[in-house]
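The listed protein sequences derive, respectively, from chains A and B.
The first sequence begins at 2 in the numbering used here and counts up one residue at a time.
The second sequence begins at 9 in the numbering used here and counts up one residue at a time.
Report on the following structure.
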Amino acid sequence: MPEPNQNAGEGRTSGDAFRELLSALDPDRELAAERYLELCYRLRKLFAWKGCPSSDLDDLVDRTLDRVARKLGQGETIENVSAYATGVAKKVWLEHVRPKPTTLAPASEPLADEPGEEGKARLDCLDECLAKLPPQDRELILGYYDVEENEKNKENRRHLAERLGKSGGALKVSANRLRERLRKCVEDCLRRKGL
Amino acid sequence: MKQFLYGELSEEASQAIEERLLVNDELFYELADLENDLVDRYVCGKLSGEELRRFERALTKSEERRERVKDARALQRRITERKQAAAPAPVKVPRPSFWSLLSEFFSLRAPAMRYATAALVVLLGLGTAWFSYDGYRARRELARVRDEQARRESDLQRAIEEARRQMSDEQGRKLSESESRVRQLEAELETLRHERGGTQPTSGGLFVATVVSLGRGPSEEFHVRPGAGLVEVKLPLDPDADYDEYVIEGARASGQKVVHERGRKYLVAALPARNLRFTVVGRRTATGVSDKIDDYRMTIRRR
Numbered sequence: 002m003p004e005p006n007q008n009a010g011e012g013r014t015s016g017d018a019f020r021e022l023l024s025a026l027d028p029d030r031e032l033a034a035e036r037y038l039e040l041c042y043r044l045r046k047l048f049a050w051k052g053c054p055s056s057d058l059d060d061l062v063d064r065t066l067d068r069v070a071r072k073l074g075q076g077e078t079i080e081n082v083s084a085y086a087t088g089v090a091k092k093v094w095l096e097h098v099r100p101k102p103t104t105l106a107p108a109s110e111p112l113a114d115e116p117g118e119e120g121k122a123r124l125d126c127l128d129e130c131l132a133k134l135p136p137q138d139r140e141l142i143l144g145y146y147d148v149e150e151n152e153k154n155k156e157n158r159r160h161l162a163e164r165l166g167k168s169g170g171a172l173k174v175s176a177n178r179l180r181e182r183l184r185k186c187v188e189d190c191l192r193r194k195g196l
Numbered sequence: 009m010k011q012f013l014y015g016e017l018s019e020e021a022s023q024a025i026e027e028r029l030l031v032n033d034e035l036f037y038e039l040a041d042l043e044n045d046l047v048d049r050y051v052c053g054k055l056s057g058e059e060l061r062r063f064e065r066a067l068t069k070s071e072e073r074r075e076r077v078k079d080a081r082a083l084q085r086r087i088t089e090r091k092q093a094a095a096p097a098p099v100k101v102p103r104p105s106f107w108s109l110l111s112e113f114f115s116l117r118a119p120a121m122r123y124a125t126a127a128l129v130v131l132l133g134l135g136t137a138w139f140s141y142d143g144y145r146a147r148r149e150l151a152r153v154r155d156e157q158a159r160r161e162s163d164l165q166r167a168i169e170e171a172r173r174q175m176s177d178e179q180g181r182k183l184s185e186s187e188s189r190v191r192q193l194e195a196e197l198e199t200l201r202h203e204r205g206g207t208q209p210t211s212g213g214l215f216v217a218t219v220v221s222l223g224r225g226p227s228e229e230f231h232v233r234p235g236a237g238l239v240e241v242k243l244p245l246d247p248d249a250d251y252d253e254y255v256i257e258g259a260r261a262s263g264q265k266v267v268h269e270r271g272r273k274y275l276v277a278a279l280p281a282r283n284l285r286f287t288v289v290g291r292r293t294a295t296g297v298s299d300k301i302d303d304y305r306m307t308i309r310r311r
């Protein structure tokens, strides 16, 4: 979770601004935290789909949410935080792109496997992160993203939803969030390993 | 949505989607799910042709997606390995002998034998049911034919009896007609003889006519009128009968009349005094119906 900037500048302290942001997301503290994480996830995807480098994504999300929080801290009333954040994200992206125009990443060999050590490290991190998941979440993610099974049995995801007691839509949301959580876990794990 | 993910949309079209991403849950997760599916299918080698080219072209523009490909590769590998680990290991079975193979083939453990046995049972059942039904049908047909035959025999019998009765009636009628004709002829012969001057039964003595009712049996005697050659007979009639007239047939009768005496009814007529057979007939003039009342035989004898 990105931490609010302690040197926010004008207005109330960024701590207060951050609390204002959470309140604006939902009066209930726990729900507000969930919605905040969801907003981070969506902003990150948005920047990724706009072609921003992976290394910049978290920073771009932080900058976006900082600005939204600062606005709230200045006493502004924001009806729909998500819609407002979209506009802010666009500006942040433009600021990011202008001084650093997007250059095409060098053509890589996407089909090539990762070099031995890095590939093995990723697998080990994945195992570690999968083990941290509750059994039901583990079953969900391994079942939902089973490409062979999905091709063989078009009803695979529907049966999985029934088995886990979820609707199709809820299963999709859960699977995507779990995958994002897994990605962050593996990323953190690799960073700890110095990769 | 694929165009958006591959970065193939115009700036305006992309912005239109981006503006909805943070506020439209369905759109956002549809895109995220689609992207994950494309990445997974790519690492499993399921993309081909134009789809593969578009994906790889988009990969060159997105470092983040290349990272996702690495993650997806690891995840798909682990999914496959876990499935293989969960599948039961093949068990080595010793090679069976010929006799055990034969025995296994014919045992009911083999699905083929079970199906064959089940099919055989079903066929036998169907066959039995069919034969039972066929037998029942045959028996029913036989009973019907027999009934038909009996009915025809009965009809034939009735026809024969009817024919016999008709023949008998016809014969009877003809016989009766013949008898009647004979009597008539006898009467005419007698008359002829009488007219030729033959011996009158009444000449030279007293004669009496005995009239016997052939139906009822009783007889009565009547005196022959001397010299006249006639005998007046008085024949009893049923007082309750309502015939309009009574006629004597078979003999030349004259002076017929119906008389009532002391509550009884008689037919009085004069007949030729000779041996005769005649019939008394009652007639209803309204309907023209004639009924035979009685047959009589008259014999003449000297007293």
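The C-beta atom is built at its ideal place from N, Cα and C for all residues, glycine as well.
- Rounded to the nearest angstrom, the gap between the Cα atoms of B/LYS265 and B/ALA277 is 7 Å.
- Per DSSP, the continuous alpha helix (DSSP H) segment holding A/GLU181 begins and ends at 169-193.
- Neighbours of A/VAL148 in chain B, taken as residues whose beta carbon is under 7 Å from its own, are ASP48, ARG49, CYS52, LYS54, GLN84 in chain order.
- In the DSSP annotation of this structure, the continuous segment of the alpha helix (DSSP H) that includes A/THR65 starts and ends at 55-74.
- At a C-beta separation below 7 Å, A/GLY52 has these neighbours in chain B: GLY15, LYS69, SER70.
- When the five nearest sequence neighbours on each side are left out, the beta carbons in the same chain lying within less than 6 Å of the beta carbon of A/TYR42 are those of GLU181, in order along the chain.
- Around the beta carbon of A/LYS153, fewer than 16 other beta carbons sit within 10 angstroms, so the residue counts as exposed.
- In the three-state reduction of the DSSP assignment, B/TYR304 falls in the strand class.
- At least 8 Å separates the CB of B/TYR141 from every CB of chain A.
- Look at B/ALA93: its C-beta is not under 8 Å from any C-beta on chain A.
- Counting along the chain, A/GLU163 sits inside the alpha helix (DSSP H) bounded by residues 157-165.
- For the beta strand (DSSP E) assignment, the region 51-95 of chain B encloses no uninterrupted run of at least 3 residues.
- Per DSSP, B/THR295 lies in no beta strand (DSSP E) segment and is marked neither H nor E.
- Taking the beta carbon of A/THR87 as reference, the chain B residues within 8 Å of it are GLU26, GLU27, LEU29, LEU30, VAL31, listed in sequence order.
- By a beta-carbon distance limit of 8 Å, B/ALA261 contacts B/LEU279. Their separation comes to about 5 Å.
- The Cβ-Cβ distance between B/TYR254 and B/VAL219 does not fall below 8 Å.
- Among the bridge pairs identified by DSSP, B/PRO280 is matched with B/LEU238.
- Counting C-beta pairs closer than 8 Å gives three or more between the region 66-73 of chain B and the region 42-57 of chain A, which meets the contact rule.
- Burial of A/ILE142 is indicated by the presence of at least 16 other C-beta atoms within 10 angstroms of its C-beta.
- A residue is called buried once 16 or more other Cβ atoms fall within 10 Å of its Cβ, and B/MET306 is buried on that count.
- CA-CA distance, B/VAL77 to B/LEU60, rounds to 14 Å.
- The shortest CA-to-CA distance from A/GLU21 to any of A/ARG158, A/ILE79, A/VAL98 is the one to A/ILE79.
- Below the 7 Å Cβ cutoff, chain B contributes no neighbours of A/SER24, its closest Cβ being approximately 18 Å away.
- Boundaries around A/TYR145 are those of the alpha helix (DSSP H), 136-145, since no beta strand (DSSP E) includes it.
- A residue is called buried when at least 16 other Cβ atoms come within 10 angstroms of its Cβ; B/GLN84 meets this threshold and is buried.
- Proximity of B/ARG90 to chain A, defined by a Cβ-Cβ separation below 8 Å, is satisfied.
- In summary, the residues of the region 153-179 of chain A whose CB is separated from some CB of chain B by less than 7 Å are LYS173, VAL174, ASN177, in the order they occur in the chain.
- In the DSSP secondary-structure assignment, B/VAL267 is bridged to B/TYR274.
- With 16 or more other Cβ atoms from the protein chains shown falling within 10 Å of its own Cβ, A/TYR85 counts as buried.
- Neighbours of B/LYS10 in chain A, taken as residues whose beta carbon is under 7 Å from its own, are absent, since the nearest beta carbon is some 12 Å off.
- Neighbours of B/GLU59 in chain A, taken as residues whose beta carbon is under 7 Å from its own, are absent, since the nearest beta carbon is some 14 Å off.
- Assigned with DSSP and collapsed to three states, B/ASP250 falls in coil, not helix or strand.
- Annotated three-state conformation of B/VAL255 is strand, per DSSP.
- Excluding five sequence positions before and after B/VAL47, the CB atoms of its chain that fall closer than 8 Å to its own CB belong to ARG73, ARG76, VAL77, ALA80, given in chain order.
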